[in-house]
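I have placed the structure first, in the form of structure tokens, so that the comments after it can refer back to it.
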Amino acid sequence: MNIFEYFRKEILRIIASFSEEGALPKNLDVSSIKFELSKNLAHGDLASNAALVLSRSVGEEPKQIASLLAGELRKIDHVEEVGIAGPGFINLTLENKFWHEQLRQILSIGAAYGDANFGNGDKVNVEYVSANPTGPLHIAHARGAVFGDVISNLLEKVGYLVTREYYINDAGAQIAALGRSAHMRYCQALGDDIGEMPEGLYPGEYLIGIGQELANLYGAKWQKKPETEWLNLFSEFSSAKMMELIRADLSALGVHQEVFTSEGEVVDAGWVDQMFNFLKEKNLVYTGVLSRPKGSGAQDNWEKRPQLLFRATKFGDNSDRALKKTNGEWTYFASDIANHFLKFNRGFRRMINIWGADHAGYIDRMKAAVSGITEGKGQLEVKLCQIVHLKKAGRPVRMSKRSGDFVTLRSVIDEVGKDIIRFIMLTRSNDSQMDFDLEKVLEQTRDNPVFYVQYAHARCCSILRHAGQHFPKKDLDPVSLAAAELGKIRNRSELNIIKTLSAWPQIVESAAISLEPHRVAFYLYDLASLFHALWNKGKEEADLKFLNPRDPELTRCRLALVESVRSVIASGLHSVGVEPLQELR
RNA sequence: GGCCCCGUAGCUCAAUUGGAUAGAGCAUCCGCCUUCUAAGCGGAAGGUUGCAGGUUCGAUUCCUGCCGGGGUCGCCA
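If you read the first sequence in the working numbering, its first letter stands for residue 1, the second for the next number, and so on.
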């Protein structure tokens, strides 16, 4: 049980009974009342804003309400002290016994500690990466990949039924360009001198192998033929190959999506037509002319053109949006609406998309489309990941798309490993831009959070290994440690660690609700920091060492603490998809 | 020019979604290695949260207007 939830319920119960007696008004809005771990030790263990929140509707000073509530809070088990401070905060100090009991709980729940069930098994679709299969992934894709993946883990952890999804943009002009590029490489493999790759095609070396494969498969069959005869074949072949590559890269990053939806298949299955008919029926499409975009930019070739438009403005977008190109083809937007229409029909009312910051301008129209296509019953949330700048020793690593010369995600994985990439990607809020420095992330110092957290976990393991020399193995498993006489844990630093461990379920919950997985990374860093500090105290005060062969009872208490720290760090690392290390070498 | 994100300690970033004295790391200065891994720990110093208003018991957080940086702007995806 989440302790904050527990005390919240207690205070709500107290408020309700005062309402009943008439000491407080009835039907108070208590929704924003909460308990938190006190930031400042001088403020006790837990703090509540209850009196401040109620002040206005009750019509009394916060402090008066606080003292009314305080009298009852004092009667709750394990509450040692109730204080009123500042503008009217209620501070609880709890008996050590309460924290010992928390420790016992954490140990007996084990890896499931922090899990919750408020998702109620509701279906959520999380779509992320969704890069065009026109080339390998690079580091910015990794940010979205990790972000989406960890969001999914966290939502599962709190009880949602999550589907991780990748939407493959395997239709349209860019895929045709891929097919043409592959044809160039194919001709090259057959001995042609292709010279420079023409503007608009993909010059990257990754297509050379595909050209060779096509040459092996078909010989010279398509070498001199007109494009219309081979384009589809070449496009499909190479985009399929690219998807294999991308999936392998994702897998190397520890990202495994359950569903890969092909844009081409969505179109072929008629979902665009269905979507269009639906919108038409609801009078949400018309043929019209958009006004010229204002401001600078290369709009010199702009001219008035009637287009098939979706009434996005009806749902808050600031312009209606084109569904068909002037050549009669559906726009990307149209097939993306169809994709969301399909998702909704697959039973997802809640859809979460993770996009790169360059798609920010697309959010309003897509949300508008989802509102339209689901008649307001579906909900789309879009989270953006800001740009990642790849660096090496502080210097930018230049990536030129024109030459096709860029650092692939795969090469970064090979260089630093997936765990480091995953963790580093969570050391910034998704709204902040970030630098990814290939050298700094490998440093084994305190300013490398991955290392620092791993080191804490390894330290716990090391202590437990050493303990094995003094205790039989069966006495060291979490369950038997939970049975230890924990009353000997009295030191402030130790109790602080238990308090921090008690906040873990709340961290998971808030990270899942706000879709902000970086909170987990910061929490793990803080927990690791407390643990390292305690470890070091053992050097100054020998009786704070975890292992004390002369006092087996005390040692078992300490080991209980160590094991619970290990367990929560491991659980947090698993949530972010990082393998906890037993030892660092 | 419109829209979106960012602006917090010298630097890189947090801040439990409106809470108390705004916190970490790096860099600077001062301490700590016969150890359960010093790959670490403790302490000091560092702030008008870009600027100006507003909302209220209370604003880094919400609103308005500016300033600066980034992104994006009919048929590309």
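Glycine is no exception: its CB is placed at the ideal position from the N, C-alpha and C atoms.
With a 10 Å radius around its C-beta and 16 neighbouring C-beta atoms as the bar for buried, classify residue i as buried or exposed.
i           : result
residue 298 : Any reading at residue 298 needs caution, since the residue's pLDDT is 48, under 50, leaving its predicted position unreliable; the model's value is listed next. So residue 298 ends up on the exposed side.
residue 199 : exposed
residue 317 : buried
residue 41  : exposed
residue 589 : A question about residue 589 goes unanswered here, because the residues of the chain that appear run from 1 up to 585.
residue 343 : buried
residue 493 : exposed
residue 327 : exposed
residue 268 : exposed
residue 289 : exposed
residue 169 : buried
residue 547 : buried
residue 180 : buried
residue 465 : exposed
residue 27  : exposed
residue 32  : exposed
residue 563 : buried
May I ask you to report which of helix, strand or coil DSSP gives residue i?
i           : result
residue 491 : coil
residue 298 : Its pLDDT being 48, under 50, residue 298 is placed unreliably in this model, and the value from its coordinates should be taken loosely. In the structure shown, residue 298 sits in coil (DSSP, three-state: anything other than H, G, I, E or B).
residue 91  : strand
residue 286 : strand
residue 624 : This structure does not reach residue 624, given that the chain is present from 1 up to 585, and the question cannot be answered.
residue 34  : coil
residue 319 : coil
residue 443 : coil
residue 435 : strand
residue 518 : helix
residue 107 : helix
residue 505 : helix
residue 136 : coil
residue 407 : coil
residue 85  : strand
residue 538 : helix
residue 98  : helix
residue 47  : strand
Compute the Euclidean distance between the alpha carbons of residue i and residue j, then round it to the nearest angstrom.
i           : j           : result
residue 183 : residue 190 : 10 angstroms
residue 203 : residue 172 : 19 angstroms
residue 140 : residue 418 : 14 angstroms
residue 79  : residue 433 : 44 angstroms
residue 387 : residue 437 : 14 angstroms
residue 378 : residue 265 : 23 angstroms
residue 30  : residue 59  : 15 angstroms
residue 484 : residue 478 : 10 angstroms
residue 552 : residue 470 : 9 angstroms
residue 395 : residue 158 : 41 angstroms
residue 521 : residue 582 : 19 angstroms
residue 81  : residue 11  : 15 angstroms
residue 111 : residue 460 : 16 angstroms
residue 109 : residue 215 : 59 angstroms
residue 292 : residue 390 : 37 angstroms
residue 338 : residue 116 : 34 angstroms
Nearest to residue i by alpha carbon, out of the options?
i           : options            : result
residue 593 : 328, 305, 368      : This structure gives no information on residue 593, because the portion of the chain shown stretches from 1 to 585.
residue 150 : 514, 583, 552      : 514
residue 410 : 249, 321, 472, 282 : 249
residue 560 : 5, 90, 107, 71     : 107
residue 375 : 340, 121, 6        : 340
residue 152 : 218, 258, 169, 244 : 258
residue 384 : 6, 104, 129        : 129
residue 565 : 498, 284, 540      : 498
residue 25  : 33, 16, 32         : 16
residue 600 : 425, 334, 238      : The first residue shown for the chain is 1 and the last is 585, placing residue 600 beyond what the model contains.
residue 242 : 205, 116, 230      : 205
residue 63  : 72, 86, 57, 46     : 86
residue 7   : 392, 18, 90        : 90
residue 84  : 362, 95, 69        : 69
residue 263 : 330, 104, 421, 47  : 330
Counting pairs of Cβ atoms below 8 angstroms between the stretch 120 to 139 and the stretch 349 to 361, do you hit three or more? At 8 angstroms Cβ cutoff, the stretches touch.
Do the stretch 445 to 462 and the stretch 513 to 532 touch if we need at least three Cβ pairs shorter than 8 angstroms? As far as the Cβ criterion goes, the stretch 445 to 462 touches the stretch 513 to 532, which means the pair count is three or higher.
For the pair the stretch 244 to 261 and the stretch 170 to 177, tell me if three or more CB-CB distances fall below 8 angstroms. Flag = no, the stretch 244 to 261 and the stretch 170 to 177 do not touch.
With contact counted as at least three CB pairs below 8 angstroms, one residue from each stretch, are the stretch 493 to 506 and the stretch 129 to 136 in contact? Remark: fewer than three beta-carbon pairs, one from each stretch, lie closer than 8 angstroms, so the stretch 493 to 506 and the stretch 129 to 136 are not flagged as touching.
Are the stretch 52 to 63 and the stretch 94 to 108 in contact at 8 angstroms, needing three or more beta carbon pairs? Taking 8 angstroms as the limit for Cβ pairs, the verdict is that the stretch 94 to 108 does not touch the stretch 52 to 63.
Segment contact flag, the stretch 148 to 165 with the stretch 208 to 215, C-beta cutoff 8 angstroms, min 3 pairs: No, the stretch 148 to 165 does not touch the stretch 208 to 215.
Between the stretch 466 to 481 and the stretch 71 to 89, can you find at least three pairs of beta-carbon atoms closer than 8 angstroms? Because the criterion of three Cβ pairs below 8 angstroms is not met, the stretch 71 to 89 and the stretch 466 to 481 do not touch.
Touch test, the stretch 570 to 580 against the stretch 439 to 449, Cβ-Cβ under 8 angstroms, three pairs minimum: Judged by pairs of C-beta atoms under 8 angstroms, the stretch 570 to 580 does not touch the stretch 439 to 449, as fewer than three such pairs exist.
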